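Protein chains in written order, with the numbering used here: chain A, 1 to 266; chain B, 1001 to 1278; chain C, 2001 to 2341.
Cβ atoms here follow ideal geometry from the backbone N, Cα and C, with glycine treated the same way.
It should be emphasised that the depicted structure is a prediction, and the values quoted were computed from it without experimental measurement.
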Amino acid sequence: MDDLRKRARELLEIRAVNVVIGYEQGTSGRKRAFFAEKPEDAEKLVFDSTCIQNLASYVTKREIRDKGKIAITATLPVMRSIIQLASEHQVDDNNLLVLGITSESRLIEFSNLAEMETFVHQYQIEIDARHREKLEKLEKMTPAERWKFWIDELTPCFKCYACRAACPMCYCQRCTVDFNQPQWIPVPSHQLGNLEWHIMRAVHLAGRCVDCDACYNACPLGIPLNLLTKKMVEDAKSHFGGYQPVLNGEHLMSTYKPDDKDNFIE
Amino acid sequence: MTDNIYMPFPMKIEKVIFEAPGVKTFRLKFMNEDDGNKFNFKAGQFGEYSVYGAGESTFCIASSPTRKGYIECTFRQTGKVTNALSDCEEGSVIGFRGPYGNIFPIDEWKDRNLLFIAGGIALPPMRCVIWNVLDLRENFRDVTIIYGARSVKDLVYKHELEEWKERRDIQLITTVDPGGESPDWKGEIGFVPTIVEKIAPSSKDTIAIVCGPPVMIKYTFPVLARLGFADDDIYTTLENRMKCGFGKCGRCNVGKYYVCKDGPVFTLAQLKDLPDEY
Amino acid sequence: MIIDKWLISKDSLEKLFNVLKKDSKKIYAPVGRNGKISFRETDRFGEIDTGYIQTAQSSKEVVFPRTEKILDYNKNKDGVSVKGFDPGSIPEVVLWGVRPCDAMGIWKLSAIFNWDFKDEIFNTRLSRVTVVGFSCARADEYCFCTSAGGGPGNTEGSDILLTQLGENGDYLAEILTEKGSAIVTIASELFRENTVLNKEQFLADVPVRFDREELRVKLEKIFESGCWTKQSLRCLGCGACAYVCPTCACFDIQDEAHGGSGMRVRCWDSCGFSLFTLHTSGHNPREVQSQRWRQRIMHKFSYMPDRLSVYGCTGCGRCSRACPADMNMLEHLISIQEAEA
């Protein structure tokens, strides 16, 4: 990824940005987020297929925001996250430079978010075959079986909220679980409370989730949370039309249309 | 039964006093006489007050240890628990755990002048000491109280302020923030630190006890320093968030101190030794 | 203190497990799920994972559950009736397959729950746990027990510690407490006379990476250092590190209401969450992640040794393995030692 390092170095040298968010070599073969602030830091930047953390979650983080102009290394899911964040007024086009990385690992710099959007829209969000199969298995279950499946999966959750922390769309300063008047979601970890938390989170992400798997990758217990969000992606698609984050336009779930389907109310 | 340290005493609300908008005082009596007989506390200590179903909330014991048979607490309605407490009526039963924390070393203040400086809802922790001192009045020399609130209606313990005002052995100065005065307000107008500077109480042989919102405390300390108060003679209480009250839940940990165990009472000298995380 | 040393064959482990099961104890052992291994209640020896270096979650949950009932209450026309924690509800438990770092962690928790006020709930649980430790023959790059006062064959905290003497070999059984002796008593036919003098050669090699005493002294000087901000930049502010940690004990107290009745519970919390210290007024003494990260390190390596005479870390490396942002504890501790004040 010499192109990326070279460009990051330049951007920092000419002070076009204050920080370049990318990946560095982590421990045990993992890659992790890295914040290059000096030109020489750029040498540490790496990129390969193991760079799976969604870096978009950092652009709304206060300490990173405070640094001023940001450049971010962005794979397709990260780009999608940025579009969604921009459409929700969480990122400022003037303060964010996207160093896109194509599926062929080619560097592609966008002069603005609209240009990136055009690039991103060439690709649809598709649930891969492996997960499609898992979802189909779930769909074929009786409601009782499915209930048991999720109880079994979600009961071990100890509510560390790594899923929320790793998700770029969970940027709320105060999450619904953190409100106690009223107490929508119980604070302690137990069967019902866990279920409520994960359902609430999935529903909040419906029509916004870009299917990056960050929640699943972050879970220290390996709970397949992405099956919930993937199902939401599919449902959003089938009930409300094609889904793709857009910079300007209607939000899939929060824009009411008189001809919205209502056949899900039974 | 085990010795469950999380188990509250059942307390009956004997009396509810409306102090200011959103602020109430409860007089609480032990439901089990035996609990009451064994109960002992000293000025400065606090407890966990609970409404079953809502949870627990931390505040000081606002009555004096010299007044036996009951305890009082004063709270502002701000969160889930204080709202639930506020909904309780005379005769209802609530939970109380305590006393926790350290104390104001009143015994060491014998024959000294005492200067109390309080702001807003922070009078309660001080009220406990004030009554304690007044009930042992002959042990101390001059007692001065400077108390300020945002507005006249926000002053708490209005009846007691009247009583203190009448007493010859106390000097009471009340103040409200500029704009907070009512047409018939006869007290001072100005922020607490400004009034302290204006009154300029002598630091000679004097202990200063300061309780109030962080911003008031922050600006009052330098005034006291200018008046010649030593850091060891200035006392305050910290209000870190707490859950357990006995040094386990970790919430009130600041540096190597647990506010619930090593506090809530600290001298300014001790505060200067703490990281700025309160 | 080692009371006794015996040998037990690899094949006898299952028999030992079954004897303990018959002794009507609940057994918690490392069991895999979704590619992660955690302590779960099991009655099938075959289900137990043996290839793990470390479990994803620590065994602390057996003595300090994520959600622990403190009391039940019931509001009725006469007021409210409250029933406290019932010690009779706490079962006798065997913790099987605990690594030495975890066994040590249980005793660090005990320091927290027993300085000053004695926590009866914790102590009841602790008194009913028998720890069957297994020494480590392998370690990975996250492990640093030898820098944290432990070691791959450390006996502290175990009631009985089993060390396998080479691959497929027999196990050396070190009996360390009365509870350990009780196991030998009920399964005496499984234990043979010990002929092994030295277990060290069978233990994992975990090099010492830092001196924790030096670190503690250093920490007293670097509260204001820029290292905290730098290190915590990639921290996402979740509680994964705290919840997998064998010694993190911070908790919250919450009421769970269901109509007129309900319960009060003690549940895990983490200093990494921004809400942990947030006042109702909106004031937050630790409002940015760097302050919270500093608190985590300071609490474990400075405040705890100062106040409780124990360090709050066993070097198990779980926090590093669990971190979604690869905040590596060992790496950070080493870099703190090099940081400028």
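- Contact check between the stretch 2026 to 2046 of chain C and the stretch 2191 to 2206 of chain C: fewer than three CB pairs, one atom from each, fall below 8 Å, which does not count as touching.
- Approximately 19 Å separates the beta-carbon atoms of Lys2022/C and Ala2173/C; this is outside 8 Å, ruling out the contact.
- It is roughly 11 Å from the alpha-carbon of Ile2253/C to the alpha-carbon of Gly1245/B.
- For Thr1078/B, the chain C residues whose C-beta falls within less than 7 Å of its own C-beta are Thr2280, listed in chain order.
- Non-local C-beta neighbours of Ile2008/C in its own chain, meaning closer than 6 Å and more than five positions away in sequence, comprise Tyr2171, Ala2173, Leu2190 and Phe2191, ordered along the chain.
- Residues of chain B with a Cβ closer than 9 Å to the Cβ of Gln181/A are, in chain order, Gly1079, Lys1080 and Asn1083.
- Residue pairing by DSSP places Phe1030/B opposite Met1011/B in a beta bridge.
- Of all alpha-carbon atoms in Ala144/A, Thr73/A and His89/A, the one lying nearest the alpha-carbon of Phe110/A is that of Thr73/A.
- Proximity of the stretch 1217 to 1232 of chain B to the stretch 1262 to 1270 of chain B meets the contact definition, three or more beta-carbon pairs being nearer than 8 Å.
- At a beta-carbon threshold of 7 Å, the residues of chain A lying near Lys2036/C are Leu221 and Gly222, ordered along the chain.
- Listed along chain B, no residue sits closer than 7 Å to Trp2268/C by beta-carbon distance, the nearest being about 10 Å off.
- Contact between the stretch 10 to 17 of chain A and the stretch 2214 to 2225 of chain C is not established, with fewer than three Cβ pairs separated by less than 8 Å.
- Scanning Gly2084/C, Asp2078/C and Glu2061/C for the CA closest to the CA of Lys2069/C turns up Gly2084/C.
- Counting the other Cβ atoms within 10 Å of the Cβ of Ser2281/C gives fewer than 16, which makes it exposed.
- No residue range can be given for Arg2234/C, since it is assigned to no alpha helix (DSSP H) and is classified by DSSP as neither H nor E.
- Taking CB atoms only, Lys1158/B has no neighbour in chain C less than 9 Å away.
- Residue Asp178/A holds the alpha-carbon nearest to the alpha-carbon of Leu2275/C among Asp178/A, Pro182/A, Cys209/A and Lys159/A.
- Asn2034/C carries a coil assignment under DSSP once its states are collapsed to helix, strand and coil.
- At a cut-off of 9 Å between beta-carbon atoms, Val2244/C makes contact with chain A.
- Here the alpha carbon of Thr1074/B sits roughly 4 Å from the alpha carbon of Thr1025/B.
- The stretch 1014 to 1070 of chain B is shown to contain whole beta strand (DSSP E) runs of 3 or more residues at 1023 to 1030, 1046 to 1051 and 1055 to 1060, in chain order.
- With a cutoff of 9 Å on beta-carbon distance, Gly1095/B and Met1011/B are scored as near each other.
- Of all residues in the stretch 2304 to 2318 of chain C, those with a C-beta nearer than 8 Å to a C-beta of chain B are Asp2306 and Arg2307, reading in chain order.
- Under the three-state reduction of DSSP output, Tyr1278/B falls in the coil class, being neither helix nor strand.
- Following the DSSP letters along the chain, one finds Ser238/A in no beta strand (DSSP E) but inside the alpha helix (DSSP H) bounded by residues Asn226 to Phe240.
- Between Gly2315/C and Cys2145/C, the beta carbon gap of about 4 Å places them in contact (Cβ cut-off 8 Å).
- Counting C-beta pairs with one atom in each stretch, the stretch 67 to 81 of chain A and the stretch 198 to 206 of chain A have fewer than three that are closer than 8 Å, which means they do not touch.
- Taken atom to atom, the span from the alpha-carbon of Leu2161/C to that of Asp1003/B is near 33 Å.
- Residues of the stretch 1187 to 1198 of chain B with a C-beta atom less than 7 Å from some C-beta of chain C do not occur.
- Closer than 9 Å to the CB of Pro1010/B there is at least one CB belonging to chain C.
- No Cβ-Cβ contact shorter than 9 Å links Ile1207/B with Gly1148/B.
- Listed by position along chain C, the residues whose Cβ is nearer than 9 Å to that of Ile1005/B are Phe2117, Lys2118, Asp2119, Glu2120 and Ile2121.
- The beta-bridge partner set that DSSP reports for Cys1211/B consists of Ala1118/B.
- With distances taken between CA atoms, Pro2065/C lies nearest to Leu2109/C out of Gly2088/C, Thr2050/C and Leu2109/C.
- Following the DSSP letters along the chain, one finds Met2263/C inside the beta strand (DSSP E) bounded by residues Ser2261 to Trp2268.
- Residue state for Val2288/C is assigned as coil, using DSSP reduced to three classes.
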